[in-house]
Structure formats: C-alpha cells, structure tokens
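*Asks:*
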Amino acid sequence: MNNINEIQKNIDELSQEIEQTATVEKLIKRAALYEQAQQPSKAMNDFLKILEMDPENKIAKTKMEMLKITMHYQNRDIYAHPNLDNDPWMD
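Listed below in structure tokens is the structure:
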C-alpha cells in the first residue's frame, strides 16, 4: 500500500463510509492512511473527532501527542528566531 494513488483511493472509500456512519475504528483507519499520505493535519482532525466520541481513547491521545511533536519540528521557521532552542550559550 505504498502507492499514493492507492492510499488516496482507500481514504476516499473510507470517507464515504464515515459520512454514513462514523465510528472510532473507521476514523482510526482513515487517520492512519492520512499519516501514510503525509497529511498530518487531516490525521489530527480525525483524532480530535475520535476524542470527541471517546475522550479516553488511548490510541488517539498517543497519536495526537506524536503528531503535535512531529508537526512542531517540521514547521519550524529557522529564520524567525536565531535561538529557537533557547540555548544559554547563544544569548
């Protein structure tokens, strides 16, 4: 399932199923597909929906934390601030 077209096809099919009946299991599957397709913000949206349905869902909580950390590092603007990590020797 490495083919991006195949992943997108599976996302589309699952999205149609979710429109009819959204379940935690379907949303977890679609979020995993979004992660494979390098679409972390869409995966986070699905995990947020899961947490609305089941606030104690451990999978969604864990994945949300992982995605937050990943997105934090991917979205850093290295030119915005010269000392992003607050290194004391750079003051």
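Numbering-wise (this note's numbering), the sequence shown opens with residue 2 and increments by one. Positions of the beta carbon are idealized from the N, C-alpha and C atoms, including for glycine. Quantities reported herein were computed from a predicted structural model and do not represent experimental measurements.
In whole angstroms, what is the alpha-carbon distance linking E14 and K59?
*Replies:* Spanning the two alpha carbons is a distance of roughly 25 Å.
*Asks:* At which residues does the alpha helix (DSSP H) containing P56 begin and terminate?
*Replies:* Per DSSP, P56 belongs to no alpha helix (DSSP H) and is neither H nor E.
*Asks:* Would Q17 count as contacting chain D if we go by Cβ distances under 8 Å?
*Replies:* In summary, chain D is missing from the structure at hand, where a single protein chain is found.
*Asks:* Just verifying my parser: in three-state terms, what is the DSSP assignment at A38?
*Replies:* Three-state result, A38: coil.
*Asks:* Report the rounded CA-to-CA distance for M72 versus Q21, giving the unit in angstroms.
*Replies:* Roughly 30 Å separates the two Cα atoms.
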